[in-house]
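So the structure is just underneath, and the comments pick up after that.
Numbering (the numbering used here), first residue to last: 11 to 209.
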């Protein structure tokens, strides 16, 4: 059985929305996009710590919107980066509300939604059939629905020293977590691995 790990950048007040670019996710009128980029660019040691353990990744799991934005960005850019080949080669599973969604990037498979457009059952089946770590990048709506269904096993959180005051948050309720590891950079960025505690 696979372990599902959510890998997220979050602010001190728990916001995860649009960390990479100003136009990444403006839903709800969010105008503070790109808030994590400058902080991580100024602290490459923290950025590398957030990548730790990625060698154990058996597959990646995305919500459809994040798949289009994140995978599309890194596979479509000419700038040198450590993500392109990882994203190209790693199997990618995509949760979408529509069974007719087409996926344009290599090694991508659609998880069939149920009649209500929910892919939780498909993710549960995927978790039962795979081995190793299945990493969810971003995909806030998907992560929250999987957490509610008890399917998230761990969080790898990069907690940045900024308070945004608004935006979509990673957690929308009580989340019992156990600290597996924690590291703090000289700029105050915390990279921690947290296991979901047994109920």
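Backbone N, C-alpha and C define an ideal beta-carbon position, used for all residues, glycine too.
These numbers were taken from a predicted model, which means no experiment stands behind them.
DSSP-derived helix/strand/coil call for residue i
i, result
"residue 202", "strand"
"residue 179", "strand"
"residue 68", "strand"
"residue 15", "strand"
"residue 155", "helix"
"residue 170", "strand"
"residue 34", "coil"
"residue 45", "coil"
"residue 82", "helix"
"residue 194", "strand"
"residue 165", "strand"
"residue 50", "helix"
"residue 24", "coil"
"residue 160", "coil"
Nonlocal neighbours in the same chain, by C-beta distance under 7 Å from residue i, ignoring five residues either side
i, result
"residue 198", "171"
"residue 55", "195"
"residue 151", "73"
Cβ distance (whole Å) where residue i is taken to contact residue j below 8 Å
i, j, result
"residue 153", "residue 68", "Not quite, the Cβ-Cβ distance comes to about 18 Å (not below 8 Å), so this is no contact."
"residue 148", "residue 80", "6 Å"
"residue 74", "residue 105", "7 Å"
"residue 140", "residue 18", "Rounded, the Cβ-Cβ distance is 21 Å, inconsistent with contact."
"residue 206", "residue 163", "6 Å"
"residue 144", "residue 85", "Actually they do not touch by this definition, with Cβ atoms about 20 Å apart."
Through-space distance from residue j to residue i, alpha-carbon basis
i, j, result
"residue 202", "residue 137", "23 Å"
"residue 127", "residue 159", "15 Å"
"residue 96", "residue 66", "12 Å"
"residue 119", "residue 87", "22 Å"
"residue 37", "residue 161", "26 Å"
"residue 131", "residue 175", "34 Å"
"residue 22", "residue 78", "27 Å"
"residue 181", "residue 24", "7 Å"
"residue 121", "residue 115", "15 Å"
"residue 208", "residue 186", "8 Å"
"residue 40", "residue 50", "20 Å"
"residue 26", "residue 46", "9 Å"
"residue 188", "residue 165", "10 Å"
6 Å Cβ shell around residue i - same chain, five flanking residues per side excluded
i, result
"residue 59", "193, 201"
"residue 107", "123, 127"
"residue 101", "69, 117"
"residue 212", "Summary: the structure shown does not reach residue 212, with the chain confined to residues 11 through 209, and so no result is reported for it."
"residue 190", "203, 205"
"residue 129", "105, 121, 123"
"residue 179", "24, 25"
Nonlocal neighbours in the same chain, by C-beta distance under 8 Å from residue i, ignoring five residues either side
i, result
"residue 142", "12, 13, 66, 67, 68, 69"
"residue 61", "92"
Which runs of the beta strand (DSSP E) spanning at least 3 residues fall entirely within the segment 87-148, listed in chain order? 102-105, 118-121, 143-147
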